[in-house]
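A short write-up of the structure that comes next.
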Amino acid sequence: MAEAAPRRHPTLDEVAERAGVSRSVASRALNNAPHVSRAKREAVERAVRQLGYVPNPTARALATRQTGAAALVVSGEDPSIFADPFFARVIVGASAALDEADLHLMLCLAASDRGRKRVEELLRSRGADGVMLMALREDDPLTRMADEAQMPVVFGGRPVGPAPRWYVDVDNVGGAREATEHLVSLGRRRVAVICGRLDTEAGRARYRGYRDAMLGAGLDPFPPLEGDFTERSGAAVMAALLAEHPDVDGVFAANDNMAVGALRTVREAGRRVPADVAVVGFDDLTVAQIADPPLTTVHQPVEALGREMARMLVALVNGQDPTPLVLPTRLAVRASA
1 MAEAAPRRHP
11 TLDEVAERAG
21 VSRSVASRAL
31 NNAPHVSRAK
41 REAVERAVRQ
51 LGYVPNPTAR
61 ALATRQTGAA
71 ALVVSGEDPS
81 IFADPFFARV
91 IVGASAALDE
101 ADLHLMLCLA
111 ASDRGRKRVE
121 ELLRSRGADG
131 VMLMALREDD
141 PLTRMADEAQ
151 MPVVFGGRPV
161 GPAPRWYVDV
171 DNVGGAREAT
181 EHLVSLGRRR
191 VAVICGRLDT
201 EAGRARYRGY
211 RDAMLGAGLD
221 PFPPLEGDFT
231 ERSGAAVMAA
241 LLAEHPDVDG
251 VFAANDNMAV
261 GALRTVREAG
271 RRVPADVAVV
281 GFDDLTVAQI
291 ADPPLTTVHQ
301 PVEALGREMA
311 RMLVALVNGQ
321 DPTPLVLPTR
331 LAVRASA
């Protein structure tokens, strides 16, 4: 008579599924970690009893190190960067995904030496379960810190240089190419570009997309004129463009803030939009819809960027190995082009 197969022990994933919570929530509930609601803690305890789950001692030791928080670190120069509509929507998306996993969101600005030192201490001390990094520039010390970190790190947007192991980005090249091709399809032949910062991968990638489209149409691309993603810089670069190239009939700006600044300068110069100069931006923020005229722009899923960064981080915290993700863009056509 054949021997009965040994009884398989239930897993933590099965406990989480039975309780209707994420794996990380189940783990923290079992280890009396903070930031778990009473209802979810009771659901996990009930699932443990029903399944006869017995925690693995090694896994328990690792789980007790969890803090119940994830950090979003932005390498910016101004604390008001978190009020920028782009970052505000990233925060909304990330916060929603972390809430599903019962993780709190910490916001950190790493601009000064003091700010970077605080972030480095956070990474070394495992003061969070994981970190999301954004707005990194070329040779940013945060990139080195991330490489040395003893915790999961997800990049929001690829940094300049070799791609990190885990990141969520948008199709910057494809979006910029589509924006420029749209201007060319309208019969525009002197299409200029207002770049974002060229020490960022997003700024470089969007210029590459513009250049590819111009060369593909047999047109001469303009050299990169760099803004800093603010409305003020878009207005200033547009003024310089009109002074040096009065025959410009189309402009692709690498984000909506700069595009709105360009719109204002074009109107102040007595030109009509889009009759004389057509303008296209990138982001599809609220400012694009209320611009005068409403702005044609590349829609990128900003909230989804934040949400997928957080989901990737939660997967890493739970011991999984997710693959990098590039989100698609699409053109939103309005009155400016």
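Counted from 1, the sequence shown has number 123 at position 123 by UniProt numbering; the numbering is strictly sequential.
Heads up, the beta-carbon is just placed ideally off N, CA and C, and yes, glycines get one too.
Predicted, not measured: the structure shown is a model, and the values here were computed from it.
### Query
So who's on the other strand from T296, going by DSSP bridges?
On the sequence shown, position 296 is the one that residue 296 refers to. According to DSSP, T296 bridges with V280.
### Task
On the DSSP bridge assignment, give the partners of A71 in chain order.
By 1-based counting over the sequence shown, the position of residue 71 is 71. A71 pairs with M106, V131.
### Message
Does E120 come out as helix, strand or coil in the three-state DSSP assignment?
### Response
Taking the sequence shown and counting its residues from 1, the one referred to as residue 120 is at position 120. Helix at E120.
### Query
Where in the stretch 163-206 do unbroken runs of the alpha helix (DSSP H), each at least 4 residues long, occur, reported from the N-terminal end onward?
172-185
#### Entry: N-terminal and C-terminal residue of the alpha helix (DSSP H) that G93 is part of
Taking the sequence shown and counting its residues from 1, one reaches residue 93 at position 93. First-last of the alpha helix (DSSP H) with G93: 85-100.
### Query
In or out: T323 buried (at least 16 other Cβ within 10 Å) or exposed?
Counting from one through the sequence shown, the residue named residue 323 turns up at place 323. When all chains shown are included, T323 counts as exposed.
### Message
Quick check: the Cα distance between H9 and E100, rounded to an integer number of angstroms?
### Response
Walking along the sequence shown from the start, residue 9 turns up at place 9. Walking along the sequence shown from the start, residue 100 turns up at place 100. If you take the alpha carbons of H9 and E100, they lie about 27 Å apart.
### Query
What are the boundary residues of the beta strand (DSSP E) that includes R330?
Taking the first residue of the sequence shown as 1, we reach residue 330 at position 330. Here the beta strand (DSSP E) through R330 covers 330-332.
### Query
How many angstroms separate the CA atom of V170 from the CA atom of F282?
For this step, residue 170 is matched to residue 170 along the sequence shown. For this step, residue 282 is matched to residue 282 along the sequence shown. Computed Cα separation, rounded: 11 Å.
### Query
Among the residues of its own chain, which have a CB less than 8 Å from the CB of L51, if the five just before and after it don't count?
In the sequence shown, the residue the question calls residue 51 occupies position 51. Only P10, E14, V15, R18 meet the Cβ criterion.
### Query
Near D284, which residues of its chain fall below 6 Å by C-beta distance, leaving aside the five closest residues on each side in sequence?
Along the sequence shown, one-based indexing puts residue 284 at 284. Closer than 6 Å at the Cβ level, and outside the excluded window around D284, lie T297, H299, A332.
### Query
If you run the structure through DSSP and keep just helix, strand and coil, what is A288?
Taking the sequence shown and counting its residues from 1, one reaches residue 288 at position 288. Of the three classes helix, strand and coil, the one that applies to A288 here is helix, per DSSP.
### Task
With a 10 Å radius around its C-beta and 16 neighbouring C-beta atoms as the bar for buried, classify T329 as buried or exposed.
Looking up residue 329 in the sequence shown gives position 329. Buried.
#### Entry: Distance, R158 Cα to R211 Cα
One-based indexing of the sequence shown puts residue 211 at position 211. One-based indexing of the sequence shown puts residue 158 at position 158. Cα to Cα, R211 sits roughly 20 Å from R158.
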